[in-house]
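Shown next, in structure tokens, is the structure this report addresses.
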Amino acid sequence: MIQSIRGTKDILPTEINKWHYIEDIFHRVSNLFGYNELRTPIFEKTEVFSRSIGETSDIVNKEMYTFTDKGGESITLRPEMTAALVRSVIQHQLAEQSSILRLWYFGPFFRYERPQKGRLRQFHQYGAECLGSPYPEADAEVIILADLILKTCGIYDYDLLINTLGTNQTRIRYRKALVEYFQKFKNDLSEDSKFRLETNPLRILDSKDTGDLEIIKNSPNILDYLDEESLNHFSKVQDYLKYNNIRFTITSQLVRGLDYYCHTVFEFRSKKLGAQDSFGGGGRYDGLFEQLGGKKTPAVGFAMGVERLILILDNLFKQTKDSCDYYIACSNPEFIKVGIGIQKKLIENNFSTRIDLMRRSLKAQLREANKYNAKYVIIIGDLEFKNQKFILKDMQNGTQKEISFDDIEFLVK
RNA sequence: GCGGGAGUAGCUCAGUCGGUAGAGCACCAGAUUGUGGCUCUGGGUGUCGUGGGUUCGAUCCCCAUCUCUCGCCCCA
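Going by my numbering, 59 is the number at position 37 of the first sequence; the sequence numbering is gapless.
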């Protein structure tokens, strides 16, 4: 048997209603906030991601689906959206048309990882990006949007963690202090963290290694290194969130894996997910446009993992029952022609219908009508057919009456 | 990429100390000489994940592999 690729999933008819449900919310709520949808190709030149996400990140190092196409170009299936979105905005000069550009997106992404619950090789993200504003209002707006999306979906049981990475100067000073501190414990750090010490010391804070955690406990706190600008920005964001009754926890170890973040970073977590407890996150990335060859454009945004979202709200979905307005049953295959005609007429008038395609007994057809929760069954039987009539049976109360073929119009009124 | 668990019917699972399998639900047919739901009766629909090995014989034991799953890692 040929199987789907490891870490990829078919979305079957039985679960598609969940996707429709939440895609509709993405669409609606984003639009209410004035965000417009942007769709980009699922592959890009590799440099779009290697130049933005960070050479030291695992995503770029070992998780990208990268290949050389027949023209000799290095191509990568997008592992995230922000870089691709920024590329598109620069290319089409979208940011030139107005001071603020609000965009949202939804689509598949690809990372070569070891699959697990809530972690796939092809997965879907929804996200929104607010481009053009350096002010904390924009940070707050995207968080409020993300929060409202979740609540509209019916998700209330989650934690919002926020932190700030501050300005460039802040990060440089903090980084220096971190390196000094961790150097003292270098021999006790995990292998991964020793490596991070050389490449990206901030990310040591993300470690879950119990030994590392002990050391991290007493490490310098970024909140003590914030300059005035960083401090103001962060406290304003908090103000706005509090004013909107959005609960959050300041987590100074929250760093996030991508290199382009500055100032506000945040993450949504749920206890229902196990090891992959984060189902959304984002932050400010004022430097990314320049990194990708564009004009300096302050920006902030977030992304959510849709499969993880569905895992969280899975128990909110009841099994949706099949239903239809009319089921058309024929006692004899000869009458199917007439049945199909009636069906077409009904469908043209927006009635949902089903008709037997297995030439089964009348009893079996009625059984099926019941399975589909048909409101009415149109029965074309031998007796009636002779008189150019059919039976209209009400499945709720079991009553039925004869209707002449000429009076089909009666049904659609 | 590393470590642990699992894979038997459409679904959830039982089972064979090695002799090619069963339950419930679902599905199909009949009881009902044209008409559903409830009830009753009958029907197993399966390459026991895949490939190899041991054996007279493997779904069971051994090896490999694939997929899922839990954790590491990473992140959404």
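We put the CB at the ideal spot given by N, CA and C, even for glycine.
Just to confirm the assignment, what range does the beta strand (DSSP E) spanning residue i have?
i      : result
Glu289 : 284 to 291
Asp347 : 346 to 352
Ser426 : 422 to 426
Tyr127 : 123 to 132
Ala30  : Looking at the sequence provided, one finds Thr at residue 30 rather than Ala. Counting along the chain, Thr30 falls outside any beta strand (DSSP E), and DSSP gives it neither H nor E.
Gln147 : 144 to 153
Glu252 : Checking the displayed sequence, the identity of residue 252 turns out to be Ser instead of Glu. Where Ser252 is concerned, there is no enclosing beta strand (DSSP E), although the alpha helix (DSSP H) it sits in stretches over 250 to 265.
Ser10  : In the structure as shown, the chain starts at 23 and stops at 435, and residue 10 therefore has no counterpart that could be examined.
Leu172 : No beta strand (DSSP E) holds Leu172; the alpha helix (DSSP H) holding it covers 158 to 175.
Phe407 : First-last for Phe407: 404 to 408, but that is the alpha helix (DSSP H), not the beta strand (DSSP E).
Arg376 : 375 to 377
Phe89  : 88 to 90
Leu182 : 181 to 186
Take residue i and list the residues in its own chain whose beta-carbon comes closer than 6 Å to its own, dropping the five residues that flank it on each side.
i      : result
Gly188 : Leu248, Ser252
Tyr307 : Tyr282, Tyr283, Ala321
Asp169 : Ile268
Might you give, ordered along the chain, the residues of its own chain that have their beta carbon closer than 7 Å to the beta carbon of residue i, omitting 5 neighbours on each side?
i      : result
Arg309 : Correcting the residue identity first, residue 309 is Gly in this sequence and not Arg. Excluding residues within five positions, the ones whose Cβ falls inside 7 Å are Tyr282, Cys284.
Ile166 : Asn266, Ile268
Leu414 : Tyr398, Ile400, Gln422, Lys423, Ile425
Val82  : Phe71, Ser72, Ile75, Gly76
Lys258 : Pro158
Ser155 : Ile122, Pro320
Gly176 : Leu335, Leu338
Leu142 : Gly29, Thr30, Lys31, Glu329
Leu116 : Leu123
Leu99  : Ile64, Phe65, Tyr87, Phe132
Phe364 : Here the sequence assigns Ile to residue 364, which means Phe is not the residue at that position. Excluding sequence neighbours, Ile364 sits near Ile350, Ile400, Ile430.
Among residues of its own chain, excluding the 5 on either side of residue i, which ones have a beta-carbon nearer than 8 Å to its beta-carbon?
i      : result
Asp416 : Lys397, Tyr398, Gln422
Gly233 : Asp210, Leu211, Ser212
Leu314 : Val70, Arg73, Ser74, Ala105, Val108, Arg109, Ile112
Glu394 : The question names Glu, but residue 394 in the sequence shown is Tyr. Hits under 8 Å: Asp344, Ser345, Cys346, Tyr349, Arg376.
Gln205 : Leu219
Arg197 : Pro223, Leu224
From residue i to residue j, what distance separates their C-alpha atoms?
i      : j      : result
Ile244 : Lys208 : 20 Å
Glu390 : Lys343 : 13 Å
Leu405 : Ser345 : 29 Å
Arg28  : Ser96  : 23 Å
Tyr180 : Asn254 : 27 Å
Ile362 : Tyr87  : 49 Å
Leu331 : Phe301 : 7 Å
Asn39  : Asp246 : 48 Å
Lys385 : Thr174 : 44 Å
Tyr57  : Tyr43  : 19 Å
Glu59  : Phe128 : 8 Å
Asp214 : Leu235 : 13 Å
Gly94  : Phe132 : 21 Å
Leu433 : Asn371 : 10 Å
Asp378 : Leu368 : 16 Å
Pro355 : Glu431 : 24 Å
Ile24  : Cys352 : 39 Å
Give the DSSP-derived three-state secondary structure of residue i in the structure shown.
i      : result
Asn395 : coil
Ala199 : helix
Gly305 : strand
Leu414 : strand
Leu116 : helix
Glu59  : strand
Phe321 : One detail in the question is off: residue 321 reads as Ala in this sequence, not Phe. Strand, per DSSP.
Ile194 : helix
Ser215 : helix
Gly327 : strand
Ile64  : coil
Asn209 : helix
Ser79  : coil
Arg141 : strand
Going by the beta-carbon positions, is the gap between residue i and residue j smaller than 8 Å?
i      : j      : result
Glu77  : Pro101 : no
Arg291 : Leu183 : yes
Ala106 : Glu66  : yes
Phe48  : Tyr178 : no
Val51  : Ile171 : yes
Gly323 : Ala150 : yes
Asn185 : Thr273 : yes
Ser241 : Tyr203 : yes
Gln138 : Ala297 : yes
What residue range does the alpha helix (DSSP H) around residue i cover?
i      : result
Gly363 : 358 to 370
Asn240 : Here Asn240 belongs to no alpha helix (DSSP H), and DSSP marks it neither H nor E.
Phe71  : 68 to 72
Arg269 : It is not in any alpha helix (DSSP H) - Arg269 carries neither H nor E in the DSSP assignment.
Ile47  : 38 to 54
Glu135 : Element bounds for Glu135: n/a, residue is neither H nor E.
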